[in-house]
Amino acid sequence: MPSFSPYHLSAQFARSAVGHLNRVLTGRVFKPASPRHRRIESPTIHSPQRQPVDSNTIEPHTPTDEHLAIKQEDGDDSPAAVHGTHLDDNMDMESDDGLDQDASDDFGRSSGQDGRDEPIQSIEDYDENPFGTGVSPSLRGGSHNQKNADVAEEDRNDNSDDDDHDNNEHELKPRIDMDDYYESEDNFDDEYDVDSEDLTGYRVERTRVKGIATWPQEVARAHKTLALRGAYSLMPSTWNWDLIDHPFVEGLFAPADSEKKILFQEQSNRSRATRALRNLFELHIRICAYRQDGLHDKIADLIEKEIRAYNFSVEKDVKLRGYYDYVSPIFIIKFSNLKRAPVGERETLGQWVHRQAMQACHARVEQYHAGWAEREVASYPRFIYTFVIIQQTVLIWAIDTDLDEVQEPYVLASLDMSKRTAWLETSLAIAIAIHLAKDSLCAHRSGLPLVEEQDDDPDA
1 MPSFSPYHLS AQFARSAVGH LNRVLTGRVF KPASPRHRRI ESPTIHSPQR QPVDSNTIEP
61 HTPTDEHLAI KQEDGDDSPA AVHGTHLDDN MDMESDDGLD QDASDDFGRS SGQDGRDEPI
121 QSIEDYDENP FGTGVSPSLR GGSHNQKNAD VAEEDRNDNS DDDDHDNNEH ELKPRIDMDD
181 YYESEDNFDD EYDVDSEDLT GYRVERTRVK GIATWPQEVA RAHKTLALRG AYSLMPSTWN
241 WDLIDHPFVE GLFAPADSEK KILFQEQSNR SRATRALRNL FELHIRICAY RQDGLHDKIA
301 DLIEKEIRAY NFSVEKDVKL RGYYDYVSPI FIIKFSNLKR APVGERETLG QWVHRQAMQA
361 CHARVEQYHA GWAEREVASY PRFIYTFVII QQTVLIWAID TDLDEVQEPY VLASLDMSKR
421 TAWLETSLAI AIAIHLAKDS LCAHRSGLPL VEEQDDDPDA
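If you're matching positions, the sequence shown starts at 1 in full-length UniProt numbering and goes up one per residue.
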């Protein structure tokens, strides 16, 4: 008969209860690592969902200061006039905490298959992926639940004689346009160490985005870079130690002898670069805490703060911030609380939010051109990467400033920052968009005016 051992009992308790509590407090989730190369039956990369714009119900409207206020970036140690960055449309509604369920329903009704943009998907707390709970970008080093995807695959392979079933299944299949299937530029795998299997999955999935074959090359490339996040190396191996307590990012480090392009890398301060990325990784912990405490109207402010902080760190690391006088191609539109939004009788809350966001984009494009003209710069980044924050939902848009009139934005990604299991892919999406904007600035660095140095001694 086995003897009773207090040591074995305490050790078992430490491994179970205490260990679980520690993982919850630190935000670490341990799952069995999956192999880097595995066959995934259903597409793992989902294109952002487009939502049709009801132009018949949108009337010209000039936002008042109460709902559409432009403000400069907070926490910046350099003058705002130097870099002209981060103009923000803060559309906070003074109201009680939370969001009406009726309001959230307005955002979750559309299928999102068409066009450049369809305002908003659900902005209320839900943890369900519209394509299945197990479907998400396949992040290297992480794990992936294929249960729902396998069930869906079995259903599709079922040779049932039911005509209704066949008709419904036929309706769910996207129409394949060969012009959308094949991409005009095919050197992505030459630059990044992405698997051909992942590229094939993306080429099929991109057919769900109508008109993507006619998108500008830079925007199409940005969409591809975001959609394939986690399928290629993003960080140098020297960052491994700095992020050692985030085990899911292990597969995102490039081999030391790799000659492929790495999107995240420091140029002046590795500690600052990894610390800023760590703050993005841990953002979901604070968002979940805010939701648990009922502080829903504070979530958008928190997300905005971290996006600004990360962009500040990236621009400072490559010696843009504080060295050159420029207008940042990063733009933030924030809706903190929409419970008392002045929605008209002929429009839904989603249409109102979309209309306000588009008006903010129009104003930003005008300021963007005016800012560069003031600096006498003729060549500058064409696209503005825009973050539309709606409580815990973040939409990543690309605005084309070369058009005579601002059109609907190109939607690059739609993120639910409150999903506990999506903390890595949402953080990477924000970081990738900011690095793409930084790269567009660096491409025009030679034509940027330098910041005028100020003498410390006025009598000198």
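Don't be surprised by glycine CBs; every beta carbon is placed ideally from N, CA and C.
These numbers come from a predicted model, not from an experiment.
1. Since histidine 284 and glutamine 391 are thought to touch, with beta carbons under 8 angstroms apart, how far apart are those beta carbons, to the nearest angstrom?
2. Alpha carbons only, please: which of Ile307, Gly251, Leu228 is nearest the one belonging to tryptophan 239?
3. Scan the segment 211 to 235 and note each continuous alpha helix (DSSP H) run of 4 residues or more that stays entirely inside, going in chain order.
4. Among the candidates Ala373, Ala429, Tyr290, whose CA atom is the shortest distance from the CA of proline 449?
5. Closer than 7 angstroms by C-beta to valine 423: which residues in its own chain qualify, once you throw out the five before and the five after it? Chain order, please.
6. In three-state DSSP terms, what is isoleucine 396?
7. Would you kindly report the start and end of the unbroken alpha helix (DSSP H) that includes residue 461?
8. Comparing alpha-carbon positions, which option in Arg420, Ile262, Ala443, Ile244 lies nearest serine 233?
9. Is serine 414 helix, strand or coil by DSSP?
10. Where DSSP assigns a beta bridge to isoleucine 434, which residues make up the other side?
11. Take the Cβ of glutamate 259 as the centre, count every other Cβ of all protein chains shown within 10 Å, and call the residue buried at 16 or more, exposed below.
12. Let me know the secondary structure DSSP gives leucine 450 once reduced to three states.
13. How big is the Cα-Cα spacing for alanine 398 and aspartate 317?
14. Note down the Cα distance separating glutamate 347 from glutamine 292, rounded to an integer number of angstroms.
15. If you scan the segment 327 to 407 from start to end, which runs of the beta strand (DSSP E) of 3 or more residues do you find wholly inside it?
16. Buried or exposed for glutamine 267, please, with buried defined as at least 16 other CB atoms from any protein chain shown within 10 angstroms of its CB.
17. Using alpha carbons as the reference points, say which of Ile299, Ser328, Asp193 lies closest to arginine 382.
18. Fully enclosed by the segment 253 to 290, which alpha helix (DSSP H) runs are 4 residues long or longer?
19. Please name the residue in Asp193, Ala256, Phe248, Ile333 whose C-alpha comes closest to that of threonine 225.
20. Going by C-alpha distance, which of Tyr326, Ile432, Ala443, Pro409 is nearest residue 461?
21. Could you check the C-alpha separation between tyrosine 202 and aspartate 301 for me, to the nearest Å?
22. Counting C-beta neighbours from all protein chains within 10 Å, is the total for leucine 403 16 or more, i.e. buried, or is it exposed?
23. With DSSP as the reference, label tyrosine 324 as helix, strand or coil.
24. Does the separation of the CB atoms of asparagine 269 and glutamate 306 fall below 8 angstroms?
25. Would you please state the rounded distance, in angstroms, between the beta carbons of phenylalanine 229 and glutamate 425? I believe it to be under 8 angstroms.
26. Which whole-angstrom value is the C-beta distance of isoleucine 330 and isoleucine 434, which I expect to be below 8 angstroms?
27. Assuming isoleucine 332 contacts phenylalanine 387 (C-beta within less than 8 angstroms), just tell me the rounded distance between them.
28. Can you give the Cα-Cα distance for alanine 276 and valine 314, rounded to whole angstroms?
29. Starting from glycine 201 and walking both ways along the alpha helix (DSSP H), at which residues does that stretch end?
30. Quick one, which of Ala231, Thr393, Glu304 has its alpha-carbon nearest arginine 197's?
31. Please determine, among Ala273, Trp352, Phe253, Gln356, the residue with the shortest C-alpha to C-alpha distance to alanine 309.
32. So, with DSSP's three-state summary, where would you put arginine 241?
33. If we call anything under 8 angstroms between Cβ atoms a contact, is isoleucine 389 one with lysine 438?
34. Select from Lys339, Gln367, Gln407 the residue whose C-alpha is nearest the C-alpha of arginine 355.
35. With DSSP as the reference, label histidine 296 as helix, strand or coil.
If we stick to the structure as given:
1. Contact flag wrong, Cβ pair sits at about 14 angstroms.
2. Of the candidates Ile307, Gly251, Leu228, the one whose C-alpha sits nearest the C-alpha of tryptophan 239 is Gly251.
3. Within the segment 211 to 235, the complete alpha helix (DSSP H) runs of at least 4 residues are 217 to 227.
4. When only C-alpha atoms are compared, the closest one is Ala373.
5. In the sequence as displayed, the identity of residue 423 is tryptophan instead of valine. Scanning its chain for C-beta atoms nearer than 7 angstroms, with the 5 sequence neighbours on each side dropped, one finds around tryptophan 423 the residues Phe281, His284, in chain order.
6. DSSP places isoleucine 396 in strand when its eight states are reduced to three.
7. Nothing can be reported for residue 461: it is not among the residues displayed for the chain, which extend from 1 to 460.
8. Ranking the options by Cα distance to serine 233, first place goes to Ile262.
9. Looking at serine 414 - three-state DSSP - the assignment turns out to be strand.
10. Looking at the DSSP output, isoleucine 434 bridges to nothing.
11. By the neighbour-count rule (16 or more Cβ atoms within 10 Å), glutamate 259 is not buried but exposed.
12. Three-state DSSP puts leucine 450 in a strand.
13. One C-alpha to the other measures close to 24 angstroms.
14. If you draw a straight line from the Cα of glutamate 347 to the Cα of glutamine 292, it comes to about 31 angstroms.
15. Uninterrupted beta strand (DSSP E) stretches at least 3 residues long and entirely within the segment 327 to 407 occur at 330 to 335, 383 to 390, 393 to 400, given in chain order.
16. Exposed, because fewer than 16 other Cβ atoms sit within 10 Å of the Cβ of glutamine 267.
17. Measuring from the Cα of arginine 382, the nearest candidate turns out to be Ser328.
18. For the segment 253 to 290, whole alpha helix (DSSP H) runs of length 4 or above, ordered along the chain, are 270 to 281.
19. Of all alpha-carbon atoms in Asp193, Ala256, Phe248, Ile333, the one lying nearest the alpha-carbon of threonine 225 is that of Asp193.
20. Any answer about residue 461 is impossible in this case: the structure gives the chain only from 1 up to 460.
21. In a straight line, the C-alpha of tyrosine 202 is about 33 angstroms away from that of aspartate 301.
22. When all chains shown are included, leucine 403 counts as exposed.
23. In the structure shown, tyrosine 324 falls within a strand segment according to DSSP collapsed to helix, strand and coil.
24. Not in contact: asparagine 269 and glutamate 306 (Cβ atoms no closer than 8 angstroms).
25. First, the residue type needs correcting, since residue 229 is arginine and not phenylalanine in the sequence shown. That pair is a contact at about 6 angstroms.
26. At roughly 7 angstroms, the Cβ-Cβ gap stays under 8 angstroms, so isoleucine 330 and isoleucine 434 are in contact.
27. Sure, about 5 angstroms apart at Cβ, within 8 angstroms.
28. Going from the Cα of alanine 276 to the Cα of valine 314 covers about 8 angstroms.
29. For glycine 201, the enclosing alpha helix (DSSP H) stretches over residues 196 to 205.
30. Sequence check: residue 197 is glutamate here, not arginine. The candidate whose alpha carbon is nearest that of glutamate 197 is Ala231.
31. Out of Ala273, Trp352, Phe253, Gln356, Ala273 has the C-alpha closest to the C-alpha of alanine 309.
32. Note that residue 241 is tryptophan in the sequence shown here, rather than arginine. Tryptophan 241: coil per DSSP, three-state reduction.
33. It is not a contact, given that the beta carbons lie outside the stated cut-off.
34. Taking arginine 355 as reference, the option from Lys339, Gln367, Gln407 with the minimal CA-CA separation is Gln407.
35. Of the three classes helix, strand and coil, the one that applies to histidine 296 here is helix, per DSSP.
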